[in-house]
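Residue numbers for the sequence shown, in my numbering: 478 to 758. Below is one structure, written out as structure tokens; the observations come after it.
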Amino acid sequence: MRADLHIHTTASDGCWSPEQLVAEIQARSIGLFAVADHDTIASLPRCEALARSAGLAFLPGVEISTRCDERLFHVLAYGFDQRHPLLHDMLVENRAKLTTVGDFLIHRLWHEGYGIDLEEYAAYQYDAARGGWKTFNFLVDHGFCADVREYSEKFREHLAATLPAFPHPAEAVTVIRAAGGVPILAHPGASLRSVGVAEKTLHPFLGFGIAGLECYSSYHDVETTRFCLAWCARHDLLVTGGSDCHGGFVGRELGVPVVESDDLRLGELAERAGLAELNRL
Ligand SMILES: [Zn+2]
Ligand SMILES: [Zn+2]
């Protein structure tokens, strides 16, 4: 069964509503999927209901922003209680930080003489089906950048200087586990790009309490995937995988890399996704 455990919707910065997403999942014959929006679980109830009526295996997920050694790490949570208060509070705080950092960037650019009308920015709204977030779409609409690539290159220094005080990965792991969820380090090859994926750079995450790695990722080359798989086997950890597809936004394709559920090691998540039930059919 094909699987994709890392997909975004319009609840964060993806282009697809839950309805569009499930239609795309079915069109690609993916049997198991998880939605993992950035710091929000707003799409999960609808996705869950649609998955159930379509007979698809589904895992509730969320991609939590964390910070360690001045670097951003995304920690994926799967199979948690969606009403857990600690998780809820962490997500609310993270979203507020994301909004603040966007506002801060705009103010800095205004200070530097960019032709930005702050009142217009405050009132600005955009169509969620475009993907992205408020600051990004505002800058695109006003001709300051053309796409995500140009946004991150042009404002690299500004963005590095405004990395929000997200919780430490260990703190996110504690909250995810308190909510009955399973914490997985997302796309290590992307988060550790500057220092490399290696025993030394991954080792701290064992101490932080992660349960596994997103070994299969659109960011990974064959070598990185192989290293992550061996590392998980060595430390008896779970193995997940996903495309990090945002619909048409940022151009990562749904279901790529192609992963079969048998390639993954999901532990208790397999049952929570309803895989055992589907296999009996
Ligand atoms: Zn991510
Ligand atoms: Zn993602």
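Ideal placement from N, C-alpha and C gives every residue a C-beta, glycine not left out.
Proximity below 8 Å, CB of residue i to CB of residue j
i, j, result
"H483", "A513", "yes"
"C722", "H485", "yes"
"P665", "K574", "no"
"C545", "P646", "yes"
"A534", "V499", "no"
"T717", "L741", "yes"
"C692", "A606", "no"
"A554", "I653", "yes"
"R529", "I507", "no"
"E496", "L731", "no"
"V619", "L582", "Looking at the sequence shown, residue 619 is not Val but His. Against a cut-off of 8 Å, the Cβ pair of L582 and H619 comes out as no contact."
"Y598", "F615", "yes"
"L715", "L743", "yes"
"V674", "C705", "yes"
"L509", "S738", "yes"
"D481", "S720", "yes"
"L746", "L586", "no"
Terminal residues of the alpha helix (DSSP H) in which residue i lies
i, result
"G579", "P562 to H588"
"R529", "L521 to A531"
"F682", "E676 to F685"
"E597", "L595 to A600"
Local conformation of residue i per DSSP, three classes
i, result
"C492", "coil"
"I653", "helix"
"E691", "strand"
"G725", "strand"
"E540", "strand"
"A606", "helix"
"V617", "helix"
"H635", "helix"
"A663", "coil"
"V625", "helix"
"E737", "strand"
"L553", "strand"
"A750", "coil"
"F704", "helix"
"A534", "strand"
Delimiting residues of the beta strand (DSSP E) encompassing residue i
i, result
"D713", "First-last for D713: undefined, no H or E at that position."
"L509", "I507 to H515"
"L482", "R479 to I484"
Cut-off 8 Å between Cβ atoms - residues of its own chain near residue i, not counting five sequence neighbours on either side
i, result
"D558", "L564, A656, G657 and G658"
"R572", "D516 and T517"
"H584", "L595"
"G686", "A647, V650, T651, R654 and P660"
Residues of its chain near residue i, where Cβ-Cβ distance is below 6 Å and the 5 sequence neighbours each way are ignored
i, result
"H697", "G666"
"V727", "V625"
"R749", "G556"
"A649", "I541, T543 and V552"
"G751", "A534"
"A488", "D514, T517, A519 and S520"
Cut-off 7 Å between Cβ atoms - residues of its own chain near residue i, not counting five sequence neighbours on either side
i, result
"G579", "W610, K611 and T612"
"G724", "G491, C492, W493 and G608"
"Y601", "K611 and F615"
"F632", "L582"
is_contact[residue i, chain D] using C-beta, thresh 8 Å
i, result
"W708", "The structure shown contains no chain D; it is built from a single protein chain."
Residue i CB to nearest heavy atom of ligand 4 below 7 Å
i, result
"H551", "In the structure on display, ligand 4 does not appear, and the ligands it does have are ligand 1 and ligand 2."
*Evaluate the contact criterion for the region 623-640 versus the region 657-671: three or more CB pairs, one atom per stretch, below 8 Å.*
With a cut-off of 8 Å, the region 657-671 and the region 623-640 do not count as touching, because too few Cβ pairs lie within range.
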